[in-house]
Amino acid sequence: MKIQVDMDLCESHGQCVFAAPAIFSFDDDDILVHAETADESLRDAVEKAAAACPVRAIRVHAATGDAAA
Amino acid sequence: MSSRFDEHGILVVGASLAGLRACAALRKHGYDGRLTVIGEEPHLPYDRPPLSKEFLAGETGGADLSLPVAGLGITWQLGRRATRLHLAARTVEVGDGTRFPFDGLVIATGSTARLWPAAPAGVHTLRGLDDARSLRAALLRRDGRLLVIGAGFVGSEVAATARGAGIEVTVVDPAPQPLHRAVGEAAGEFVAALHRQAGVDLRTSTKVVSLEGVGKLTGARLSDGTEVPATAAVVALGSAPATGWLAGSGLDITAGVRCDRHARVLRRDGTPAPGVVAAGDVTRWPHPWADAPGVTLGHWSHAAEQAETAARSLLFPAAPARYCPVPSFWSDQYDVKFRSVGLPALADSADVREYDLGARRLDVAYFRQGRLIGALTGNRVARIAAYRAQLAADLEGR
Ligand SMILES: Cc1cc2nc3c(=O)[nH]c(=O)nc-3n(C[C@H](O)[C@H](O)[C@H](O)COP(=O)(O)OP(=O)(O)OC[C@H]3O[C@@H](n4cnc5c(N)ncnc54)[C@H](O)[C@@H]3O)c2cc1C
Ligand code: SF4
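Just so you know, the protein sequences line up as chains A and B, in that order.
The opening position of the first sequence corresponds to residue 0 in numbering that gives the first Met the number 0, with each subsequent residue numbered one higher.
The opening position of the second sequence corresponds to residue 0 in numbering that gives the first Met the number 0, with each subsequent residue numbered one higher.
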């Protein structure tokens, strides 16, 4: 699956980091960094992260196709 | 699925974050029956946090606040205020006497801002979109002086937003520092310094005794004998769970709708009311860190997360989910992003690890009986994840 974060929307709330620490983290300047792809086994955690984001900045795509979340 | 809901379906009272997230979770977990949402406001669900920040500053239009409702198959009953719950008959009555029958009920009526009795015109509260619109209109006139009564999160954010728009602001609070009860002395002092540096006239350890003005606000009299001029005021004295409509229902509504750790609603005898769950600001529920009868949280993430638990407990009563979160909230004031995890309000001591007004950075760890119970950072969100992990580990051991 592919993970996209709209960095114009992201306000560093950190909810995604709590939900899926393997995918999302902060650098020393409080800027979000994240993996752009992830194994399907992490889908549940990534979807939780997307749902937890207060500004809905996270999009999850199937590896090949359209937005799924 | 599940024939238990086949006759009347599931009814949600409260058309905001918790109610909507409950609906989304019900659908996600396979509920495909009737879903009706009753909401007092005429609006579809929207996000409240921007109301004291970007929206109030005039930066965002109303549309940007809306929460996603598409594809959930909800029958909306908006502009209708629930006035009674008849638990035995399994109906909810609204203002005009119409009764909505239900098989399953989600209570998500949030909380209501405390009001100032007999306030003259020009005195606002800030809870909903309509409140924010009228306050914004008053601020956009930019010709007056704003009085903020109460320096909690909403009061402090409003003061920051108004200062950002160049408006003269006076903030009055009976505590020695802003946010004192929620985050303690050091963090409170940090916020006080932010206000003062921004030119806010901050009056702490002081109460507003009376609001002056015949018909229209002109100023306020304070407990230290002084008077402050004001053309508009915001009453930000906190909020109370919106449980009025549940009086006489047999549910336990002392200081919020009392729930168990599965978000099931308890009756006055302490047993769960069958098929009734609740979520969000309206609830009081047990948390391992808190003494009985538990905590009430006015945080965005709490509303979103507890709603998920409530939906699952309603659909799968034999295997109800457990709600045991590390609470978290944020607050944006001036150029500082405050982020918090845990329950700092319950701490008995605090360790200030960074306090740098110049760099606008703050890092405070909170303890109860020597154990970490929460943390607050300002412009240091990268540190919050570690605190949260430690708190999550503590909860797992309980
Ligand atoms: C100005 C403001 C700023 C905030 N900023 C932040 C922030 O920065 N960070 C953060 O974590 N949290 C913040 N919050 C808190 C967050 O918005 C709330 O925790 C969240 O909205 C709670 O959701 P809820 O659905 O439980 O309740 P609410 O959002 O209060 O929704 C309850 C709904 O039920 C309706 N209702 C009430 N009684 C009845 C009735 N009898 N019949 C029918 N409908 C009824 C109400 O009209 C309302 O629409 C802020 C809140 C406000 C007001
Ligand atoms: S939860 Fe959303 S806003 Fe917060 S850091 Fe993640 S993407 Fe950014």
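Note that beta-carbon positions come from the ideal geometry of N, C-alpha and C, so glycine has one too.
None of these values were measured; they are calculated from a predicted model.
Test: residue i CB closer than 7 Å to a CB of chain B
i: S40 of chain A; result: no
i: V76 of chain A; result: In the structure as shown, chain A starts at 0 and stops at 68, and residue 76 of chain A therefore has no counterpart that could be examined.
i: D29 of chain A; result: yes
i: H12 of chain A; result: yes
i: A68 of chain A; result: Its pLDDT being 44, under 50, A68 of chain A is placed unreliably by the model, and the measurement read from it follows with that caveat. Judged by the 7 Å Cβ criterion, A68 of chain A is not in contact with chain B.
Anticipated Cβ contact below 8 Å, residue i with residue j, distance rounded
i: M0 of chain A; j: V45 of chain A; result: 7 Å
i: L313 of chain B; j: V147 of chain B; result: Actually they do not touch by this definition, with Cβ atoms about 40 Å apart.
i: Y322 of chain B; j: R260 of chain B; result: 6 Å
i: A14 of chain B; j: V36 of chain B; result: 5 Å
i: D26 of chain A; j: A381 of chain B; result: 7 Å
i: T230 of chain B; j: G121 of chain B; result: 6 Å
i: V233 of chain B; j: V157 of chain B; result: 5 Å
i: L114 of chain B; j: A150 of chain B; result: At roughly 18 Å, the Cβ-Cβ gap does not stay under 8 Å, so L114 of chain B and A150 of chain B are not in contact.
i: A374 of chain B; j: P20 of chain A; result: At roughly 16 Å, the Cβ-Cβ gap does not stay under 8 Å, so A374 of chain B and P20 of chain A are not in contact.
Separation of residue j from residue i, as counted between CA atoms
i: S110 of chain B; j: L43 of chain B; result: 17 Å
i: A303 of chain B; j: R311 of chain B; result: 13 Å
i: K206 of chain B; j: L64 of chain B; result: 34 Å
i: D280 of chain B; j: A107 of chain B; result: 8 Å
i: R3 of chain B; j: A112 of chain B; result: 37 Å
i: S24 of chain A; j: R47 of chain B; result: 26 Å
i: A391 of chain B; j: P287 of chain B; result: 12 Å
i: W398 of chain B; j: L265 of chain B; result: Any answer about residue 398 of chain B is impossible in this case: the structure gives chain B only from 0 up to 397.
i: V54 of chain A; j: T225 of chain B; result: 43 Å
i: R83 of chain B; j: G94 of chain B; result: 9 Å
i: V153 of chain B; j: F189 of chain B; result: 16 Å
i: R58 of chain A; j: E35 of chain A; result: 11 Å
i: P433 of chain B; j: S248 of chain B; result: The requested residue 433 of chain B does not occur in the structure, where chain B is confined to residues 0 to 397.
i: G402 of chain B; j: L34 of chain B; result: This structure does not reach residue 402 of chain B, given that chain B is present from 0 up to 397, and the question cannot be answered.
i: G165 of chain B; j: F54 of chain B; result: 16 Å
i: L406 of chain B; j: I252 of chain B; result: Outside the shown range of chain B, which is 0 to 397, sits residue 406 of chain B, and nothing can be said about it.
i: H28 of chain B; j: F315 of chain B; result: 10 Å
i: A364 of chain B; j: G187 of chain B; result: 14 Å
i: L356 of chain B; j: G369 of chain B; result: 27 Å
i: P228 of chain B; j: R132 of chain B; result: 23 Å
Proximity test, Cβ basis, 7 Å: residue i and chain A
i: E395 of chain B; result: no
i: R387 of chain B; result: yes
i: W288 of chain B; result: no
i: W115 of chain B; result: no
i: W299 of chain B; result: yes
Residue i - partner residues in DSSP beta bridges
i: K336 of chain B; result: B:D331
i: V32 of chain A; result: A:S24
i: L34 of chain B; result: B:I9
i: D350 of chain B; result: B:A364
i: L400 of chain B; result: Here chain B comprises residues numbered 0 to 397, so residue 400 of chain B is not present and cannot be evaluated.
i: V147 of chain B; result: B:V170, B:V233
i: D63 of chain B; result: In DSSP, D63 of chain B forms no bridge with anything.
Contact test: residue i Cβ vs ligand 4 heavy atom, cutoff 6 Å
i: A56 of chain A; result: Ligands in the displayed structure: ligand 1 and ligand 2; ligand 4 is not one of them.
- Query: What residues from the region 49-62 of chain A come within 8 Å of chain B, judged by C-beta to C-beta, listed N to C?
  - Reply: Residues of the region 49-62 of chain A whose Cβ lies closer than 8 Å to any Cβ of chain B, in chain order: A50, A51, P53, R55.
- In chain order, what residues of the region 326-344 of chain B put their CB closer than 9 Å to some CB of chain A? Here the close residues are S327, W329, D331, K336, R338, V340.
- Closer than 8 Å, Cβ to any Cβ of chain A: which residues of the region 374-385 of chain B, in chain order? Listed in sequence order: N378, R379, V380, A381, I383, A384.
- Message: Closer than 8 Å between beta carbons: that is the criterion. Which residues of the region 38-63 of chain B meet it against chain A?
- Response: Within the region 38-63 of chain B, the residues whose Cβ lies closer than 8 Å to some Cβ of chain A are D46, P48, listed in chain order.
- Which of the residues in the region 300-316 of chain B, read from start to end, lie with their CB under 9 Å from any CB of chain A? Those would be S300, A303, E304, E307, in chain order.
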